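What follows is a short report on a single structure.
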Amino acid sequence: MYTPGQGNNMYIFPGVGLAAIVGKFKTIPDSMFYLAAKTLSEKVTEEDLASGLLYPQIKRIRELSHAIAVGCVKEALDCGIAQISRPDDLEQLVRDAMWQPQYSRVELDASVLAYSGGASAPRKAGSSKQTLAVSSSESKSFSFSDIERGPSIIIMYDGPACPVVIDCGSSRTRAGLAVTGRHIRPTVEIPSVVGRRRTNVPPRNCWSDLDGFLDAGHPPSFGSDAVSLVLRGEPIRLTSPVNEGVYADMESVGNLLEYVYQECLKIDPREQPLLLTEPIYNPASTRERATEMLFEDLGIPSLNISVKEVAALVGTGWQDGIVVDAGEAMTSVVPISHGCVVTSGIRKLYLGGADLDVQFAERLARRADHIRLTSTRDRLMLRRWKESVCYCRPGWHDTDDDFDDNGYGAAAEAQPITLPDGTAVDMADDKWKVPESLFHPHLLGIEGSGIGEMVVDSIEDCPIDDKLKLYKKIMLAGGTSQFPGFADRLRSEVEHSVKYSRIATSGRTHNRNPQVHVEKAHRHPEWAAWIGGSAFASLKDSFEDRWLSREDMKSILSTTTGGPPVVVPFILCTRHYPRAWLGPRRLELSSSAAHLPLICHDRYEECGPDAINSKVQISFMPHQQQQQQ
């Protein structure tokens, strides 16, 4: 986790004691390159620190980026580590690339101390090359324990401006700078809510809207600030500007994003590009309004809109797979083949975490009928209880004993719920019946297939040659997929549905069931879309033509005053991803974008190679012309 520094180009990583220093600087102590490479391979010893810090034979660091520097600050900034990352080995970069004018120079902040023979002195900013020496007596007290607990090196994009990545969902909004590495996470994660103060003035008539109870004299609050006011008992009404993943209140969305920039990230939106994620079923009209709002109100320099499900798969490093995104308001199943969405296989179920909250509250009320939990504060407590005690059975007909043998429900069985009045309530079998509705929606009176049947139906509507590999790559994303046993239960449901499906595999092996594999897209599946978007935004220089700039937006608006629709470039997914950036999967590194498939964002159809240069992604046309059509 990193937060912007104040008044300089430093980004502090408090959790692991890292500081990334980016920008146009001058020089780096030679010894810091050595420490960076040694830390990257986790072989730093006290003897290394006391041996003079000469260059070893460093393993190759293959990353597609500009020259960057990472300074490691431990506690009182008593020692520093820096790294340059290029598609060449580090030693060659130090000799050649670092001193070329087209690469970034590095100048450590004046507060970083340089050690020499046991005495420490502030390093003067702008000074020439300095070495970092540590005596043997000092080396005994020097420790890299803070670094070893987390990622030793975090790679940051170092182009003209580091892109900002925002994943705005129905429940949570996640934001941060584009970074990639082993242990990355969003800098900001806040509730996607807007809080408006209520007033005691009653509505003028019985037909008045609830807005009549809102006090327009007080400015709205956002995110965690709004939730904190509710928990303190303030008369605040919480609303979400994102409904089922779609921007329902564009003005509130703009205010929420402005809050993220100014209060959370401490970043001027006019200085850095933005990558924004959206659900695959987002209407084109909503996307157009969001684009205009981001350019006109926030003033961002360039924009990229990526599909959440595709971004989640990008973060895993795969180019083929089927993403099950179980979110707050709905659950979607999106198959992706060769980096492109298979539109015929898209499935969605209007059932998500919010519906499970309501079901959990109803079942709790049956067991504790003396208490009523109806306020916003109560709903927040209900969600925490649900996430702490609920779990999924391996199968519908399995018993609790069978489930406990697998080790999922044992911890949940021993966790009764303590109500505000001190009453302890054991939810018993309601703990697994609440998430059971995701696999059997008819339990809630909802027509439609469960998640397991949705996955099978989705794969069966994909091309024949893709079916077998999609069964092997079922990725879970979204916060609702975090229930213990969810992955195993989904695998069981898919295998059961495939067994009784008329066409289970590629059409040539009807008598053989396919191999089914289900895994989380990330250890925190709710971050999967943000992490994938961050990985792609880190490669901005390689896909510069996939970003919509302010100049392009101005030309689009001037062209659409009465002419035909104009299309602009937005990338949704790519065919090849660099293995070192996006995960441990076996993928080829494609330095050329000539064969990268795109998706027509309005119709979600795959464009052939001839359509790549036509820049088909978003169409803008005047509202009058849309009404005529």
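Counting in UniProt numbering, the sequence shown runs from 1 upward without gaps.
Even for Gly, the Cβ is constructed at its ideal location relative to N, Cα and C.
Owing to the predicted nature of the structure, the values given are computational and were not obtained by experimental measurement.
Euclidean distance between Cα positions of Leu419 and Asp457: Your numbering for residue 419 matches position 419 in the sequence shown. Your numbering for residue 457 matches position 457 in the sequence shown. Answer to the nearest angstrom: the Cα atoms are 42 Å apart.
Length of the line joining the Cα atoms of Asn282 and Val334: In the sequence shown, the residue the question calls residue 282 occupies position 282. In the sequence shown, the residue the question calls residue 334 occupies position 334. Distance between the alpha carbons of Asn282 and Val334 is about 14 Å.
Note down the Cα distance separating Ser65 from Arg393, rounded to an integer number of angstroms. Position 65 of the sequence shown, counting from 1, holds the residue named residue 65. Position 393 of the sequence shown, counting from 1, holds the residue named residue 393. With a pLDDT of only 25 at Ser65, under 50, the local geometry of the prediction cannot be trusted, and the value read off the model is given with reservation. One C-alpha to the other measures close to 45 Å.
Under 8 Å by Cβ, that's how I've got Ala312 and Ala175 pegged, so tell me the actual separation to the nearest angstrom. Sequence index remark: in the sequence shown, residue 312 carries index 312 (1-based). Sequence index remark: in the sequence shown, residue 175 carries index 175 (1-based). About 16 Å separates the two Cβ atoms, so there is no contact after all.
Does the distance from the C-beta atom of Asp461 to that of Ser337 stay below 7 Å? The residue labelled residue 461 in the question sits at position 461 within the sequence shown. The residue labelled residue 337 in the question sits at position 337 within the sequence shown. Their beta carbons are not under 7 Å apart, which means Asp461 does not touch Ser337 by this criterion.
Residue environment, Ala365, which counts as buried when at least 16 other CB atoms sit within 10 Å: As a working mapping, residue 365 is identified with position 365 in the sequence shown. Exposed is the call here.
Between the alpha carbons of Arg379 and Asp249, how many angstroms are there, rounded? Locating residue 379 in the sequence shown gives position 379, counting from the first residue. Locating residue 249 in the sequence shown gives position 249, counting from the first residue. So the alpha carbons of these two residues sit roughly 22 Å apart.
Close beta carbons around Ser449, own chain, < 7 Å, minus the five adjacent residues each side: Walking along the sequence shown from the start, residue 449 turns up at place 449. Cβ within range, chain order: Asp457.
N-terminal and C-terminal residue of the alpha helix (DSSP H) that Lys473 is part of: As a first step, residue 473 must be located in the sequence shown, where it is residue number 473. Counting along the chain, Lys473 falls outside any alpha helix (DSSP H), and DSSP gives it neither H nor E.
By Cβ distance below 6 Å, which residues in the same chain neighbour Val455 in space, the five residues on each side in sequence not counted? Residue mapping note: residue 455 aligns to position 455 of the sequence shown, counting from 1. Excluding residues within five positions, the ones whose Cβ falls inside 6 Å are Val333, Val494.
Mind checking which residues open and close the beta strand (DSSP E) that includes Ser306? In the sequence shown, residue 306 corresponds to position 306, counting from 1. That run of the beta strand (DSSP E) goes 302 to 307.
Rounded separation between Ile305 and Gly339 - CA only: Here residue 305 is taken as the residue at index 305 of the sequence shown, counted from 1. Here residue 339 is taken as the residue at index 339 of the sequence shown, counted from 1. Distance between the alpha carbons of Ile305 and Gly339: 16 Å.
Can you check which of these residues, Glu251, Val260, Asn255, is closest to Thr286 by C-alpha distance? As a position in the sequence shown, residue 286 is number 286, starting the count at 1. Measuring from the Cα of Thr286, the nearest candidate turns out to be Glu251.
Endpoints, beta strand (DSSP E) assigned at Pro335: On the sequence shown, position 335 is the one that residue 335 refers to. Note, Pro335: beta strand (DSSP E), 331 to 337.
Relative to the C-alpha of Asp369, which residue among Leu276, Gly479, Leu356, Val425 is closest? Residue numbering aside, residue 369 sits at position 369 when the sequence shown is read from its first letter. When each option's Cα is compared against that of Asp369, the closest is Val425.
Within the chosen definition, does the region 250 to 265 reach the region 287 to 306 through at least 3 CB pairs nearer than 8 Å? yes
What does the Cβ neighbour count give for Gly352, buried or exposed, with the cut at 16 atoms within 10 Å? By one-based count along the sequence shown, residue 352 stands at place 352. Gly352 is buried by the Cβ-count criterion.
Limits of the unbroken beta strand (DSSP E) element including Val193: Here the question's residue 193 lines up with position 193 in the sequence shown. Neither: Val193 is in no beta strand (DSSP E) and is coded neither H nor E.
Near Leu382, what residues of its chain come up, given a Cβ to Cβ distance below 8 Å and the 5 sequence neighbours on each side ignored? Translated into the one-based positions of the sequence shown, residue 382 becomes position 382. Closer than 8 Å at the Cβ level, and outside the excluded window around Leu382, lie Asp357, Phe360, Ala361, Leu364, Leu373.
Those runs of the alpha helix (DSSP H) which lie wholly inside the region 359 to 385 and span at least 4 residues: none
Contacting residues, own chain, Cβ-Cβ under 7 Å from Gly533 (five flanking each side not counted): Residue 533 sits at position 533 when you count from the first residue of the sequence shown. The answer, listed in chain order, is Val165, Asp167, Leu275, Thr277, Ser306, Ala311.
Residue of Leu468, Glu551, Ala535, Pro484 minimising C-alpha distance to Asn513: Sequence index remark: in the sequence shown, residue 513 carries index 513 (1-based). The candidate whose alpha carbon is nearest that of Asn513 is Leu468.
Euclidean distance between Cα positions of Glu288 and Leu298: For the purposes of this step, residue 288 is taken as the residue at position 288 of the sequence shown. For the purposes of this step, residue 298 is taken as the residue at position 298 of the sequence shown. When rounded, the distance between both Cα atoms is 15 Å.
Going by beta carbon distance, what residues of the same chain come within less than 6 Å of Phe486, once the five residues before and after it are set aside? Working through the sequence shown from its first residue, we reach residue 486 at position 486. Contacts found: Cys392.
Between the C-alpha atoms of Lys43 and Leu177, what's the straight-line distance to the nearest angstrom? Along the sequence shown, read from residue 1 onward, the residue named residue 43 stands at position 43. Along the sequence shown, read from residue 1 onward, the residue named residue 177 stands at position 177. Because Lys43 carries a pLDDT of 43, less than 50, the predicted location of this residue cannot be relied on, and the following value inherits that uncertainty. Those two C-alpha atoms are separated by around 29 Å.
Excluding the 5 residues flanking Glu453 on each side, which residues of the same chain have their C-beta closer than 7 Å to its C-beta? Numbered from its first residue, the sequence shown carries residue 453 at position 453. Result list for Glu453: Ser497, in chain order.
Excluding the five sequence neighbours on either side, which residues of its own chain have a C-beta within less than 7 Å of the C-beta of Ala226, listed in chain order? Against the sequence shown, residue 226 aligns to sequence position 226. Cβ neighbours of Ala226 beyond the five flanking positions: Val193, Val194, Gly195, Ile236, Leu238.
In whole angstroms, what is the alpha-carbon distance linking Val434 and Gly395? In the sequence shown, the residue the question calls residue 434 occupies position 434. In the sequence shown, the residue the question calls residue 395 occupies position 395. Computed Cα separation, rounded: 14 Å.
Along the chain, where does the alpha helix (DSSP H) containing Glu251 start, and where does it finish? Mapped onto the sequence shown, residue 251 falls at position 251. Counting along the chain, the alpha helix (DSSP H) containing Glu251 begins and ends at 250 to 259.
Using the C-alpha atoms, what's the distance from Leu265 back to Ala535? Locating residue 535 in the sequence shown gives position 535, counting from the first residue. Locating residue 265 in the sequence shown gives position 265, counting from the first residue. Taking the straight line joining both Cα atoms gives about 19 Å.
Per the DSSP calculation, Ile236 is bridged to which residue(s)? By one-based count along the sequence shown, residue 236 stands at place 236. BP columns for Ile236 point to Arg197.
Residue range of the unbroken beta strand (DSSP E) whose run includes Thr173: Here residue 173 refers to the residue found at position 173 when the sequence shown is read from its first residue. Note, Thr173: beta strand (DSSP E), 172 to 177.
Runs of beta strand (DSSP E) lying entirely within the region 270 to 324, each at least 3 residues, in chain order: 274 to 278, 302 to 307
Distance, Gly422 Cα to Gln319 Cα: Translated into positions along the sequence shown, residue 319 becomes position 319. Translated into positions along the sequence shown, residue 422 becomes position 422. Whole-angstrom Cα-Cα distance: 51 Å.
Classification of Ser302 by the beta-carbon crowding that lies within 10 angstroms, buried from 16 upward: Within the sequence shown, numbered from 1, the residue matching residue 302 stands at position 302. Buried, because 16 or more other Cβ atoms sit within 10 Å of the Cβ of Ser302.
Looking at Gly223 and Ile190, is the spacing between their C-beta atoms short of 7 Å? The count along the sequence shown starts at 1 and reaches residue 190 at position 190. The count along the sequence shown starts at 1 and reaches residue 223 at position 223. For Ile190 and Gly223, yes; Cβs fall inside 7 Å.
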